[in-house]
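Colleague: Have a look at the structure that comes next, please.
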Amino acid sequence: MRFKVQKLIRDRLPQRMRSQGLAVFDRRLGDEEFVAALKDKLLEEAQEAREATSPTELADELADVMEVILALAQASGLSLDEIETRRIAKRAERGGFDQRVFNAAVEAEDDLPAAAYYLARPRQYPRED
130 MRFKVQKLIR
140 DRLPQRMRSQ
150 GLAVFDRRLG
160 DEEFVAALKD
170 KLLEEAQEAR
180 EATSPTELAD
190 ELADVMEVIL
200 ALAQASGLSL
210 DEIETRRIAK
220 RAERGGFDQR
230 VFNAAVEAED
240 DLPAAAYYLA
250 RPRQYPRED
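Structure below.
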């Protein structure tokens, strides 16, 4: 049986899989393809973190998310210091998540710049008219 995988995997997995008797059809990615695959992997790992049911499982999934973030930053020429500086600046301007604020909806008049922002992202912010 052959199974389609089509995703980025960790470096040592092909060897481990072959030692288990699997035939692995892998290749190395170029720069742009690698960054795109890392972005897909970030979504995959975030979904797995979302599905975690215990603190231990969540810790494992968050470790995977962090590994992808580190690789994506490096592949994109970003330092962790630069990312942390931006995180701190955003927190100072917008706050963090300490107060657990959940926004159910917004309403905007057509002429507001914010309305254009939401209208430009219909999948993320569907209209409730």
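In terms of our numbering, the sequence shown has 166 at position 37, counting the first letter as 1, and numbering is strictly consecutive.
The C-beta atom is built at its ideal place from N, Cα and C for all residues, glycine as well.
Residue 244 to residue 219, Cα distance in whole Å?
Modeller: The straight-line gap from Cα to Cα measures roughly 22 Å.
Colleague: Can you list, in chain order, the residues of its chain with a C-beta nearer than 7 Å to that of residue 135? Leave out the 5 residues immediately preceding and following it.
Modeller: Excluding sequence neighbours, residue 135 sits near nothing in its chain.
Colleague: Out of 157, 196, 155 and 160, state which residue places its alpha-carbon closest to the alpha-carbon of residue 174.
Modeller: It is 196.
Colleague: For residue 164, which residues from the same chain have a beta carbon less than 8 Å from its beta carbon, with the 5 sequence-adjacent residues on both sides left out?
Modeller: Excluding residues within five positions, the ones whose Cβ falls inside 8 Å are 201, 204 and 205.
Colleague: Enumerate, from N- to C-terminal direction, the unbroken alpha helix (DSSP H) stretches of 4 or more residues contained entirely within the segment 143–214.
Modeller: 160–180 and 184–204, all fully within the segment 143–214.
Colleague: Residue 222 by DSSP, collapsed to three states: which one?
Modeller: Residue state, collapsed to three classes: helix.
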